[in-house]
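Numbering (the working numbering), first residue to last: 462 to 563. Everything on this sheet refers to the single structure shown next.
This is how it looks when you write it as structure tokens:
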């Protein structure tokens, strides 16, 4: 009887080993999926970072354009005010400056 008990113990041990091997294989697959997802997330993050930098450049350009538009409008209003007041020499100077800015 002793040998049969030992055989049963070996069988249970083999079952546990097989179960551990299956679990290890599943864990390996899960780790592989995690690595792939991490790579994917890194790539997406790099793309988002690049787009963010591009948007910042575009925002700065729009801001500069808006500032130049405000400056031109200020010159135009000064020209109108000078003409209204009859100060045509001042209006001519402002017009010349406006042409230089544009």
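Quick reminder that beta carbons are idealized off the backbone N, C-alpha and C, glycines included.
Contact under 7 Å by Cβ, residue i with residue j
i	j	result
residue 559	residue 536	yes
Residue i versus residue j - alpha carbon distance
i	j	result
residue 545	residue 552	10 Å
residue 505	residue 471	50 Å
residue 495	residue 527	47 Å
residue 532	residue 523	14 Å
residue 543	residue 562	19 Å
residue 514	residue 490	36 Å
residue 500	residue 480	30 Å
residue 586	residue 497	What the structure shows of the chain is the stretch from 462 to 563, and residue 586 is not part of that stretch, so it cannot be assessed.
residue 488	residue 478	15 Å
residue 547	residue 525	33 Å
residue 473	residue 492	28 Å
Cβ neighbours of residue i in the same chain (closer than 7 Å, five flanking residues each side left out)
i	result
residue 556	540
Same chain, Cβ closer than 8 Å to residue i, neighbours up to 5 away in sequence not counted
i	result
residue 518	none
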